[in-house]
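Residue numbers are given in full-length UniProt numbering: position 29 of the sequence shown equals residue 29, and the series is strictly consecutive. Each residue gets a CB set at the ideal place from its N, CA and C atoms; glycine is no exception. Working notes, beginning with the structure itself.
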Amino acid sequence: MKTARVKHRWNFKSTWPLHLMVLPPLLLIIIFHYVPMLGLVMAFQEYKPWTGFTGSPWVGLDHFKFMLEYPDSKQVIWNTVLIASLKIVTGLIVPIIFALFLNEVRKMAFKRVIQTLVYLPHFLSWVILGGILIDMLSPEGGLVNRALGWVGIEPIFFLGNGDWFRFTVVTSDLWKDFGFSTIVFLASLAGINPSLYEAAEVDGASRWKQTLYVTIPAMIPITIVVGTLALGNVLNAGFDQIFNLYNPLVYEKGDIIDTFVYRLGIIDGNMSFSTAIGMFKSVISFVLIVIAYRLAYKYANYRIF
Numbered sequence: 001m002k003t004a005r006v007k008h009r010w011n012f013k014s015t016w017p018l019h020l021m022v023l024p025p026l027l028l029i030i031i032f033h034y035v036p037m038l039g040l041v042m043a044f045q046e047y048k049p050w051t052g053f054t055g056s057p058w059v060g061l062d063h064f065k066f067m068l069e070y071p072d073s074k075q076v077i078w079n080t081v082l083i084a085s086l087k088i089v090t091g092l093i094v095p096i097i098f099a100l101f102l103n104e105v106r107k108m109a110f111k112r113v114i115q116t117l118v119y120l121p122h123f124l125s126w127v128i129l130g131g132i133l134i135d136m137l138s139p140e141g142g143l144v145n146r147a148l149g150w151v152g153i154e155p156i157f158f159l160g161n162g163d164w165f166r167f168t169v170v171t172s173d174l175w176k177d178f179g180f181s182t183i184v185f186l187a188s189l190a191g192i193n194p195s196l197y198e199a200a201e202v203d204g205a206s207r208w209k210q211t212l213y214v215t216i217p218a219m220i221p222i223t224i225v226v227g228t229l230a231l232g233n234v235l236n237a238g239f240d241q242i243f244n245l246y247n248p249l250v251y252e253k254g255d256i257i258d259t260f261v262y263r264l265g266i267i268d269g270n271m272s273f274s275t276a277i278g279m280f281k282s283v284i285s286f287v288l289i290v291i292a293y294r295l296a297y298k299y300a301n302y303r304i305f
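Printed below as a string of structure tokens:
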């Protein structure tokens, strides 16, 4: 016991520079992620900026009750769940299919060019992409509507019609991130034992049969992990994207919890009510993340700790 304690003390003395390197990011996390949580107290107060936390009256759970009765809240929650679910499903299926096709490309130079082109949008912010999309999808001279006009289709107001807005949000999010998401599945494909393909070739299996009976079964565990962990984002539909693309014409079908909280809290100054909605979203998201983590551990033996 004494020997182990002495060894532990010796290890700490030899590794203290590494512990010191962890300290700055730890302080940043505490200051910018945990200290702001103290502001959640506003959800239980009728907060007035000029009286502060100590002078604002307590209202208990009134804001949460009002949130459940507020007609726009249900629509906003539905918009969030629908858009986020569509993003999760398309963001899981398309990268898998793309990785399978890309894995069949034998020309390495061509393969790297394709990878670079599909990865590139991921590194652009939604501020830049939002400007590009607004210009391309404009009903008055936008590139997309010009192309539709060449085949006789009337111009479509993609960012002014609620249904088309949801379609635009999901497809543009897919375009931005499916290339980057493909990395995980390509790494999974690279880890498949080549002897399995050699054995399949000896048995006379075609390339399609090898994909069907070797490649796809090998990708199932990582697919389960990615899919279950994505469940934690079912209430996270993407504030940056929606905020840069939406307008009052599509509030009914395009407003999500994050943009709703922004408009209520920052624009309308109703900080307590918007904090209650944000807290509701955080609690539900935390529960979903715990469930997703449990499912990933149960069905794919995935665990962080």
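Item, Value
"Inter-stretch contact at 8 Å, needing at least 3 Cβ pairs: the region 184-198 / the region 60-67", "no"
"Nearest neighbour of isoleucine 132, chosen from Arg112, Trp150, Glu252, Leu159 [CA to CA]", "Leu159"
"Inter-residue Cα distance where the pair is serine 125 and serine 181", "16 Å"
"Whether leucine 245 touches glycine 91 by CB criterion (8 Å)", "no"
"Cα-Cα separation between alanine 292 and isoleucine 222, rounded to whole angstroms", "14 Å"
"Residue from Val81, Tyr251, Arg294 whose Cα sits closest to the Cα of leucine 229", "Arg294"
"Which of helix, strand or coil DSSP assigns to tryptophan 58", "strand"
"Distance CB(threonine 80)-CB(isoleucine 284) smaller than 8 Å", "no"
"Per-residue burial, leucine 264 [other beta carbons within 10 Å of its own, 16 or more giving buried]", "buried"
"Whether leucine 137 touches threonine 168 by CB criterion (8 Å)", "yes"
"Neighbourhood of proline 155 by C-beta, 6 Å cutoff - its chain only, sequence neighbours within 5 removed", "Pro139, Asn145"
"Rounded separation between lysine 111 and tyrosine 70 - CA only", "52 Å"
"Extent of the continuous alpha helix (DSSP H) to which serine 138 belongs", "No alpha helix (DSSP H) contains serine 138, which DSSP labels as neither H nor E."
"Nearest-angstrom Cα separation, counted from leucine 186 out to isoleucine 224", "15 Å"
"For aspartate 173 and lysine 87, believed in contact at Cβ under 8 Å, the rounded distance", "5 Å"
"Limits of the alpha helix (DSSP H) - the one that aspartate 163 falls within", "162-190"
"Cβ pair alanine 84, valine 214 closer than 8 Å", "no"
"With 16 other Cβ atoms within 10 Å as the buried cut-off, status of methionine 1", "Bear in mind that the predicted position of methionine 1 carries a pLDDT of just 47, short of 50, making it too unreliable to give a figure here."
"Glycine 142 to isoleucine 30 span [Cα, whole Å]", "46 Å"
"DSSP three-state assignment for methionine 1, whether helix, strand or coil", "Here methionine 1 scores only 47 on pLDDT, less than 50, and its place in the model should not be relied on; the value that follows carries that caveat. If DSSP states are grouped into helix, strand and coil, methionine 1 belongs with coil."
"Buried/exposed call for valine 113, threshold 16 Cβ in 10 Å", "exposed"
"Methionine 67 and isoleucine 242 closer than 8 Å at C-beta", "no"
"Buried/exposed call for valine 89, threshold 16 Cβ in 10 Å", "exposed"
"CB contact flag (phenylalanine 178, valine 118, <8 Å)", "yes"
"Cβ-Cβ distance between threonine 259 and phenylalanine 239 below 8 Å", "yes"
"Whether tryptophan 175 touches proline 121 by CB criterion (8 Å)", "yes"
"First and last residue of the uninterrupted alpha helix (DSSP H) at glycine 91", "71-103"
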